[in-house]
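Here is the structure we will look at.
There are 2 protein chains.
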Amino acid sequence: MPRTRLDLDRIRAARRTIDPVYLDTPMYRCDALGRRLGCTVSIKLETANPVRSFKARGTELVAGLLAEQGRTAVVCASAGNLGQALAWSGRRRGLGVTVVASVRAPAVKLDRIRALGAELDLVDGDFEMARERAARIARERGIRLLEDSLDIETCEGAATIGLELAGGESPFDAVLIALGGGALATGVGHVLKTLVPETEVICVQPAGAPALTRSWHERRVITTESAGTIADGVAGRFPIPEVLDDLLVVADDAVLVRESSIIDGMRLLLEHTGLVVEPSAALGVAAVLEDRDRFSGRHVVTVICGSNVDLDAHRRWVHP
Amino acid sequence: MPRTRLDLDRIRAARRTIDPVYLDTPMYRCDALGRRLGCTVSIKLETANPVRSFKARGTELVAGLLAEQGRTAVVCASAGNLGQALAWSGRRRGLGVTVVASVRAPAVKLDRIRALGAELDLVDGDFEMARERAARIARERGIRLLEDSLDIETCEGAATIGLELAGGESPFDAVLIALGGGALATGVGHVLKTLVPETEVICVQPAGAPALTRSWHERRVITTESAGTIADGVAGRFPIPEVLDDLLVVADDAVLVRESSIIDGMRLLLEHTGLVVEPSAALGVAAVLEDRDRFSGRHVVTVICGSNVDLDAHRRWVHP
Numbered sequence: 008m009p010r011t012r013l014d015l016d017r018i019r020a021a022r023r024t025i026d027p028v029y030l031d032t033p034m035y036r037c038d039a040l041g042r043r044l045g046c047t048v049s050i051k052l053e054t055a056n057p058v059r060s061f062k063a064r065g066t067e068l069v070a071g072l073l074a075e076q077g078r079t080a081v082v083c084a085s086a087g088n089l090g091q092a093l094a095w096s097g098r099r100r101g102l103g104v105t106v107v108a109s110v111r112a113p114a115v116k117l118d119r120i121r122a123l124g125a126e127l128d129l130v131d132g133d134f135e136m137a138r139e140r141a142a143r144i145a146r147e148r149g150i151r152l153l154e155d156s157l158d159i160e161t162c163e164g165a166a167t168i169g170l171e172l173a174g175g176e177s178p179f180d181a182v183l184i185a186l187g188g189g190a191l192a193t194g195v196g197h198v199l200k201t202l203v204p205e206t207e208v209i210c211v212q213p214a215g216a217p218a219l220t221r222s223w224h225e226r227r228v229i230t231t232e233s234a235g236t237i238a239d240g241v242a243g244r245f246p247i248p249e250v251l252d253d254l255l256v257v258a259d260d261a262v263l264v265r266e267s268s269i270i271d272g273m274r275l276l277l278e279h280t281g282l283v284v285e286p287s288a289a290l291g292v293a294a295v296l297e298d299r300d301r302f303s304g305r306h307v308v309t310v311i312c313g314s315n316v317d318l319d320a321h322r323r324w325v326h327p
Numbered sequence: 008m009p010r011t012r013l014d015l016d017r018i019r020a021a022r023r024t025i026d027p028v029y030l031d032t033p034m035y036r037c038d039a040l041g042r043r044l045g046c047t048v049s050i051k052l053e054t055a056n057p058v059r060s061f062k063a064r065g066t067e068l069v070a071g072l073l074a075e076q077g078r079t080a081v082v083c084a085s086a087g088n089l090g091q092a093l094a095w096s097g098r099r100r101g102l103g104v105t106v107v108a109s110v111r112a113p114a115v116k117l118d119r120i121r122a123l124g125a126e127l128d129l130v131d132g133d134f135e136m137a138r139e140r141a142a143r144i145a146r147e148r149g150i151r152l153l154e155d156s157l158d159i160e161t162c163e164g165a166a167t168i169g170l171e172l173a174g175g176e177s178p179f180d181a182v183l184i185a186l187g188g189g190a191l192a193t194g195v196g197h198v199l200k201t202l203v204p205e206t207e208v209i210c211v212q213p214a215g216a217p218a219l220t221r222s223w224h225e226r227r228v229i230t231t232e233s234a235g236t237i238a239d240g241v242a243g244r245f246p247i248p249e250v251l252d253d254l255l256v257v258a259d260d261a262v263l264v265r266e267s268s269i270i271d272g273m274r275l276l277l278e279h280t281g282l283v284v285e286p287s288a289a290l291g292v293a294a295v296l297e298d299r300d301r302f303s304g305r306h307v308v309t310v311i312c313g314s315n316v317d318l319d320a321h322r323r324w325v326h327p
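So the protein lines, in turn, are chains V and H.
Take the first sequence: its position 18, counting from 1, is numbered 25 in my numbering, and each next residue is one higher.
Take the second sequence: its position 153, counting from 1, is numbered 160 in my numbering, and each next residue is one higher.
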């Protein structure tokens with residue numbers, strides 16, 4: 008049993024709070040993609056839901072808890088997907104939701120946050136500046152600050168994906184998980200290392216936003232001056248110490264991939280599975296592309312974590 | 008209880024034969040699409056599986072039965088999706104599968120049938136010619152001919168979608184179903200008219216391939232000389248009398264839509280849900296576009312029945 012901040016019983020109980028529309032998502036083999044990559048590839052699809060990402064598994068827990076406590080408002084910083092998910096979960100429970108995001112976040116993500124009725128507060132800086140501003144708003148208004156990956160609900164919500172992976176019919180050798188703040192990786196990793204510890208848990212981050220991966224390898228927090236990647240959902244610079252600690256327990260590896268591999272991954276996912284995904288969701292395929300020998304003949308699962316992508320940008324990337 | 012060839016107990020039992028990867032597919036509201044269409048829209052997504060269409064629900068039943076009977080081979084005519092599904096279901100049960108298709112079927116569908124290990128037999132004509140040839144092959148080889156929509160397994164397999172729709176959390180007012188041979192419509196319609204009879208069952212066919220819709224309205228089989236539509240999955244000309252009889256019992260309406268509406272539907276599905284679908288899967292959205300008043304303020308469900316589409320063609324249609 009891995010020792011992290013997460014708890015398997017709480018993760019199992021979380022399934023009762025999360026709206027079923029976000030649970031038991033499709034998981035299936037993609038033969039054509041597997042042939043192209045030289046291994047068996049299964050997809051865990053987290054985009055066929057109202058907010059088109061896995062993030063609502065966590066926000067459902069947070070919003071459920073806040074509603075129980077009689078709280079009326081919550082604020083978060085978001086690269087775009089957490090904000091949509093919190094807006095969705097808050098709206099159905101009558102919570103006022105404020106989302107702080109970078110003006111440079113994809114317009115489609117910002118538009119969808121607004122459309123879900125949240126107050127959108129934009130900062131002229133990156134995700135780390137949005138985090139600072141969200142913390143200030145929470146202090147000033149005396150409302151709950153939701154911090155992605157630090158707050159246990161975001162990790163344990165994501166961890167319910169791990170329950171579904173571990174409960175699937177066919178075993179697999181490795182899971183490839185996009186690494187941003189770390190909630191998805193620590194969540195899925197905790198469950199897999201508890202229930203099917205022989206499964207390899209591999210985190211994948213863009214080489215242009217490598218802070219948490221470098222931190223994992225050096226076993227201490229390493230920050231970066233800047234982050235440059237099309238994978239806007241995972242472009243953090245300041246790893247959270249508690250998350251790194253958990254990640255050191257549950258991850259078997261953390262790898263970096265090039266931008267061109269992310270684009271190739273998006274193209275292969277479109278061609279062979281018909282899925283339009285955001286760059287973060289192509290990190291797993293990119294990792295296989297960059298190290299085919301490592302995965303040759305094995306069965307890998309990749310979590311398709313989001314599909315909130317600007318369609319024009321997607322088309323430019325995929326059909327240059 | 009509607010009197011058709013279908014049986015609710017058999018449909019319920021079918022869930023035990025069908026591989027779970029095809030069951031309990033996502034169903035969720037698409038707010039952005041709904042706002043655009045002026046009604047509440049939910050999607051029942053039948054494309055996130057190994058064959059990217061709903062057809063395997065039926066072929067799982069057929070192949071399971073044949074394997075039980077010790078049969079070793081099966082042949083079908085297919086516009087492309089049934090062939091892939093039968094190839095998938097047959098392969099895992101050691102059945103030899105022959106698929107007869109038109110040379111004019113989308114190359115992606117033909118390629119995927121071959122990739123799944125089926126013998127592909129091409130005819131230089133339309134789907135109706137493929138049906139004739141498949142019947143001849145069955146006679147000559149003394150093997151089972153699978154006839155889509157006529158064979159009860161194809162209807163009852165599709166009908167399991169109806170169970171999932173009827174068992175969902177939120178009620179809906181109408182379901183929009185692509186009408187080709189009729190298996191999907193009679194299957195889903197039978198279950199809904201049994202369990203939630205107040206739900207309107209509306210079949211949608213392209214105006215360019217109107218044979219079954221015209222037959223439904225005139226209550227007798229009407230064939231057409233030709234069929235011209237981009238919705239290759241539903242381009243039949245010779246309705247099957249038994250299927251028409253069932254459809255007359257379970258369908259509340261059958262409507263025709265223009266090609267331009269189908270294309271608009273594909274574009275809206277891409278823009279507002281991120282889904283790349285084949286033309287047949289956009290028929291429901293096309294029907295709303297052509298008759299907004301009818302659906303205004305109501306909750307409609309549309310079955311996204313397939314995503315096997317040539318990507319270049321899709322791009323040409325959606326971004327002219």
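The C-beta atom is built at its ideal place from N, Cα and C for all residues, glycine as well.
Taking any Cβ of chain V, which residues in the segment 34-63 of chain H have a Cβ under 9 Å from it, in chain order?
Answer in chain order: MET34, TYR35, ARG36, CYS37, ASP38, ALA39, ARG42, ILE50, LEU52, THR54, ALA55, ASN56, PRO57 and ARG59.
Starting from HIS197(H), follow the alpha helix (DSSP H) in both directions and report where the run begins and ends.
That run of the alpha helix (DSSP H) goes 190-202.
Assign GLY326(H) to buried or exposed, taking buried as 16 or more other Cβ atoms, counted over all protein chains shown, within 10 Å of its Cβ.
Note that residue 326(H) is His in the sequence shown here, rather than Gly. The residue in question, HIS326(H), is exposed, as its Cβ has fewer than 16 Cβ neighbours within 10 Å.
Could you check where the alpha helix (DSSP H) with GLY90(V) kicks off and where it finishes?
Going by DSSP, GLY90(V) is part of the alpha helix (DSSP H) stretching over 88-98.
Between which residues of its own chain and ALA55(H) is the CB-CB distance below 8 Å, once the five residues before and five after are set aside?
Hits under 8 Å: THR32 and PRO33.
Mind reading off the beta-carbon distance from ILE168(V) to VAL107(V)? Whole number of angstroms is fine, and I expect it under 8 Å.
About 26 Å; that fails the 8 Å criterion.
Min CB distance ALA173(H) to chain V below 9 Å
Cβ-Cβ to chain V under 9 Å: no for ALA173(H).
Would you please state the rounded distance, in angstroms, between the beta carbons of ALA242(H) and ALA114(H)? I believe it to be under 8 Å.
Not quite, the Cβ-Cβ distance comes to about 16 Å (not below 8 Å), so this is no contact.
Going by the DSSP bridge assignment, what does CYS83(V) pair with across the sheet?
In the DSSP output, where bridge partners are listed per residue, CYS83(V) has VAL106(V) and LEU153(V).
Pop quiz: ALA238(H) and ILE269(H) are said to be a contact at Cβ under 8 Å. What is the actual Cβ separation, rounded to whole angstroms?
With 8 Å as the limit, ALA238(H) and ILE269(H) qualify as a contact, their Cβ atoms being about 6 Å apart.
Could you tell me which residues DSSP pairs with ALA181(H) in its beta bridges?
ALA181(H) is bridged to GLU207(H) and VAL307(H).
Could one say the Cβ of LEU318(V) lies closer than 9 Å to chain A's Cβ atoms, at least one of them?
Among the protein chains in the structure shown, which are V and H, there is no chain A.
Is there at least one Cβ from chain V nearer than 9 Å to ASP271(H)'s Cβ?
Taking 9 Å as the CB threshold, ASP271(H) stays off the interface with chain V.
What's the call for GLU53(V), buried or exposed, on a 16-neighbour Cβ count within 10 Å?
GLU53(V) is buried by the Cβ-count criterion.
Roughly how many angstroms lie between the CA atoms of LEU296(V) and PRO217(V), to the nearest whole one?
Computed Cα separation, rounded: 18 Å.
Can we say the segment 32-49 of chain V touches the segment 85-100 of chain V, given the rule of at least three CB pairs closer than 8 Å?
Put simply, the segment 32-49 of chain V does not touch the segment 85-100 of chain V. Fewer than three CB pairs are less than 8 Å apart.
Enumerate in chain order the residues of its own chain whose CB-to-CB distance from GLY235(V) is below 6 Å, with the five nearest sequence positions on each side excluded.
Excluding sequence neighbours, GLY235(V) sits near GLY215.
Which residue comes first and which comes last in the beta strand (DSSP E) that contains ALA34(V)?
Here residue 34(V) is Met; the residue named in the question, Ala, does not match the sequence. Note, MET34(V): beta strand (DSSP E), 34-36.
Backbone CA spacing between HIS306(H) and ARG43(H) [nearest angstrom]
The alpha-carbon of HIS306(H) is positioned some 14 Å away from that of ARG43(H).
Is there contact here, the segment 312-319 of chain H with the segment 272-286 of chain H, by at least three beta-carbon pairs under 8 Å?
Result yes; three or more Cβ-Cβ pairs closer than 8 Å.
Since LEU255(H) is in the alpha helix (DSSP H), which residue starts that stretch and which ends it?
248-257 is the span of the alpha helix (DSSP H), which, as asked, contains LEU255(H).
Give a yes or no on whether the C-beta atoms belonging to VAL228(H) and ASP158(H) are separated by under 9 Å.
Not closer than 9 Å, so no.
Leaving out five residues on either side along the sequence, give the residues of the same chain with a beta carbon under 7 Å from the beta carbon of LEU30(H).
So the list reads ARG22 and THR167, once near-sequence residues are dropped.
Tell me the residue span of the beta strand (DSSP E) that contains THR47(H).
In this chain, the beta strand (DSSP E) harbouring THR47(H) covers 47-52.
Would you mind telling me which residues of chain V sit closer than 7 Å to VAL28(H), beta carbon to beta carbon, in chain order?
Chain V residues near VAL28(H): TYR35.
Whole angstroms are fine: how far does the CA of ARG226(H) sit from the CA of GLU207(H)?
Computed Cα separation, rounded: 19 Å.
Contacting positions in the segment 98-121 of chain V - beta carbon closer than 8 Å to chain H:
The residues in question are ARG119.
Looking at ARG36(H): is its Cβ nearer than 9 Å to the Cβ of PRO57(V)?
Closer than 9 Å, so yes.
Pick from VAL203(V), PRO248(V), SER233(V) and GLU205(V): whose alpha carbon is nearest that of TRP223(V)?
Nearest C-alpha to TRP223(V): PRO248(V).
Thinking ALA165(V) and LEU191(V) are a contact (beta carbons under 8 Å), I'd like their distance in whole angstroms, please.
In this structure, ALA165(V) and LEU191(V) form a Cβ contact; the two beta carbons are roughly 5 Å apart against a cut-off of 8 Å.
Quick check: the Cα distance between ALA320(H) and PHE179(H), rounded to an integer number of angstroms?
Rounded to the nearest angstrom, the two C-alpha atoms are 33 Å apart.
ARG59(V) classed as buried or exposed, judged by whether at least 16 other C-beta atoms fall within 10 angstroms:
Buried, by the Cβ-count rule.
If we count the other Cβ atoms within 10 Å of its Cβ and call it buried at 16 or more, is ARG119(V) buried or exposed?
Buried, since its Cβ has 16 or more Cβ neighbours within 10 Å.
Residue-level contact to chain H via CB, ASN315(V), 9 Å cutoff:
Interface residue (Cβ-Cβ distance to chain H less than 9 Å): ASN315(V) is classified as such.
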